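Take a look at the structure set out below.
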Amino acid sequence: MATRTVLAALLVCGFAGTALAGVTQKTLYNFFPVSGSDAVSIYRSVTARSEVKGGIETLATTGIQMKTNLLTTKGTKCTVAKADVVMNFKVNVPRLTNESRLSAGLRSDWRAFAAHLKMHEEKHRAIWMTCAARYSASLRPLLDHDCGDLNRAINGLWSAAQKTCRAPNNAWDAKDQKALLRLPFIKRVANGG
């Protein structure tokens with residue numbers, strides 16, 4: 224038996240150990256520092272410190288690294304004896320460094336906004352975990368005469384899973400955009416204060 228490790232993807236789109244159909248995951252939270260004295264200056268600090276993707280400023284992001292550990296057997300055909308999929312997420316969310324200096328109302332609005340961003344990114348993680356579980360299940364029946372061809376088939380399955388997962392992630396972003404705009408903190412930003 225030979226063990227092969229295939230690193231299939233590093234994506235951007237971020238609790239340790241939850242397993243789902245042959246998939247394990249680990250999440251690292253990265254809190255990037257932001258500051259400000261009012262909603263507008265805090266918001267500007269968030270957009271200045273967060274990532275830009277496709278020319279669009281983000282408020283929070285989730286980085287994804289997927290690793291497939293395969294145990295293959297080579298008899299008359301190369302088969303997948305065992306496949307473990309490991310999802311590593313890095314959730315990047317803002318943390319206000321001068322929160323204690325804010326008025327009680329602004330502090331409350333900020334905390335609700337920051338909690339919403341974290342929840343939003345955790346939903347992306349859940350979507351990717353579902354896709355990874357489908358991908359993991361698709362590996363089990365694979366077999367081929369040549370283990371190199373088997374690895375190419377596996378990479379093709381992950382590429383297909385990524386494409387399939389883009390739609391629900393994009394739909395989640397569009398749906399949650401409306402909820403984000405209703406948050407009191409964002410209303411403060413829109414009103415200039």
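For what it's worth, our numbering labels the leading residue of the sequence shown as 224, then goes sequentially. The beta-carbon is built from N, C-alpha and C at its ideal position, and this holds for glycine as well. Because the structure is a prediction, the values reported are computed rather than measured.
The C-beta distance from Trp351 to Ile265 rounds to 29 Å, too long to fall under 8 Å, and the pair is not in contact. Across the structure, Lys341 and Gly245 are spaced so that their CA atoms are roughly 26 Å apart. In the DSSP assignment, Leu340 falls within the alpha helix (DSSP H) that extends over 327-362. Annotated as proximal: Phe312 and Thr285, with beta-carbon spacing under 8 Å. Taking a contact as a CB-CB distance under 8 Å, the pair Ala283 and Val316 counts as one, their CB atoms being some 4 Å apart.
When the beta-carbon positions are compared, Lys297 and Cys370 come within less than 8 Å of each other. Judged by DSSP in its simplified three-state form, Arg318 adopts strand. In this structure, DSSP gives Ala283 a state outside helix and strand, which the three-state scheme calls coil.
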